[in-house]
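Below is one structure; the comments refer to it alone.
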Amino acid sequence: MCKIITHMNWRQIVLCLCLLATATSTWADDAENTEATIPFFNLKGDPSTISNQHILEFWGYHAAESGDTTSNTLKLRYYQPLQYDQWRGTMRIDTSYVDAYGPLVTNQNPGHYSAGNTMLTLWGNHPGFLSSWDATLGGRVIFPFGNNSQWAVGPQVGMVFLPTSKGALPLSDFSPLARYMYGFYAKNQNLANAVNQQALARRLELYPTLGFNLAPDTQLRLWDENGLVYNSAGGGWFVPIDGMVTHRLNKHFLIAVGASKQVVQTYQQYNWQYYGKLSFNF
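Numbered per mature numbering (1 follows the signal peptide of the UniProt record, and there is no 0), the sequence shown spans residues -28 to -1, 1 to 254.
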């Protein structure tokens, strides 16, 4: 699989995602009474993946990057439920402040945070579209704010599968998601200024998210916060081992701690990272 994708450019990747959605739509029209399933693992697609709750989250990250560079990130994340007629969806807004320090960081001031990435993600589904697939379709926009000098946009598709019966493993869900991000500079960004900026985003993001029930209010979630990344511009993969333990304190509050360590890094992201969050839903 990795070898096949390595020889694909961003246009081919997006085309494959579109063909997958079209083929699945045709399959859904021919099988209105069926539902998306993974029989071997006794998993069944969940059509009610869209939450109707408002969620506000406070995140903290500490990461070791290349060249002995270390960064601390504070992030605010908000989920807003949306509905129009029969369409139901979710809008997510992320904004962050970053403190990076190390021998390769210029004008560093440890303990001083500067604006980081700001992005908006939207996804949803309609009962009359891909009804048998139980998928959500959407997209993401990353704004050229803070330490980010470029726009980036991209489509995404996701699903949620739930176990139909209790198995040997306490699996709570399998929630794969794929997203392709395409970056570009603003019109007023000239080539001379662009030379010193980060490379334009051309990446495929894959999240093979797995959830396991450790206790009634506690879960282990793998590849939920950090997924696999393929750089379609210059080639190379970033593959981490990512795990997060979540615990619900009550119906309104949830806490989580997690860690991520790269195992394949032909596309540079970070060496390791640990993080935590406090989530409030209402």
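Just so you know, even glycine gets a beta-carbon here, dropped at the ideal spot from N, CA and C.
These figures come from a predicted structure and were not determined experimentally.
Residue ranges of each beta strand (DSSP E) within the region 199 to 244, 3 or longer: 200 to 203, 209 to 220 and 225 to 237
Helix, strand or coil at Ser23 [DSSP, three-state]: Here residue 23 corresponds to residue number 51 of the sequence shown, with the count starting at 1. The answer is coil: DSSP assigns Ser23 none of H, G, I, E or B.
Quick test of your reading: Ser144 and Gly183, contact by CB under 8 Å. State the CB separation rounded to the nearest angstrom. Walking along the sequence shown from the start, residue 144 turns up at place 172. Walking along the sequence shown from the start, residue 183 turns up at place 211. With a Cβ gap of about 4 Å, Ser144 and Gly183 count as contacting.
Taking buried to mean at least 16 other C-beta atoms within 10 Å of its own C-beta, is Tyr50 buried or exposed? On the sequence shown, position 78 is the one that residue 50 refers to. By the neighbour-count rule (16 or more Cβ atoms within 10 Å), Tyr50 is not buried but exposed.
What three-state label does DSSP hand Ser38 in the structure shown? For the purposes of this step, residue 38 is identified with residue 66 of the sequence shown, where counting begins at 1. Ser38: helix per DSSP, three-state reduction.
Among the candidates Val70, Leu149, Asn24 and Leu250, whose CA atom is the shortest distance from the CA of Val201? For the purposes of this step, residue 201 is identified with residue 229 of the sequence shown, where counting begins at 1. Among Val70, Leu149, Asn24 and Leu250, the Cα nearest to that of Val201 is on Leu149.
Report the rounded CA-to-CA distance for Ile22 versus Thr45, giving the unit in angstroms. Translated into the one-based positions of the sequence shown, residue 22 becomes position 50. Translated into the one-based positions of the sequence shown, residue 45 becomes position 73. Looking at the two C-alpha atoms, the distance is approximately 28 Å.
Which first and last residues belong to the beta strand (DSSP E) in which Val129 is found? One-based indexing of the sequence shown puts residue 129 at position 157. Per DSSP, Val129 belongs to the beta strand (DSSP E) from Trp123 to Met131.
Please return the same chain residues whose Cβ sits closer than 7 Å to the Cβ of Leu94, not counting the five positions on each side in sequence. The sequence position of residue 94 within the sequence shown is 122, counting from 1. Here the set comprises Gly61, Met63, Gly110 and Gly111.
For Phe225 and Ser204, believed in contact at Cβ under 8 Å, the rounded distance: Within the sequence shown, the letter at position 232 stands for residue 204. Within the sequence shown, the letter at position 253 stands for residue 225. Contact doesn't hold; Cβ gap of about 40 Å is too wide.
Three-state class that DSSP yields for Asp196 in the structure shown: Here residue 196 refers to the residue found at position 224 of the sequence shown. Correct three-state label for Asp196: coil.
Apart from the five residues on each side of it in sequence, which residues of its chain come closer than 6 Å, Cβ to Cβ, to Gln52? Within the sequence shown, numbered from 1, the residue matching residue 52 stands at position 80. Closer than 6 Å at Cβ, skipping near neighbours: Met63.
Would you identify the three-state DSSP class for Tyr246, choosing helix, strand or coil? Residue 246 sits at position 274 when you count from the first residue of the sequence shown. Of the three classes helix, strand and coil, the one that applies to Tyr246 here is strand, per DSSP.
Alpha carbon to alpha carbon, how far is Gln25 from Ser68? Give it in angstroms, no decimals. The residue labelled residue 68 in the question sits at position 96 within the sequence shown. The residue labelled residue 25 in the question sits at position 53 within the sequence shown. Going by the C-alpha atoms only, they are around 22 Å apart.
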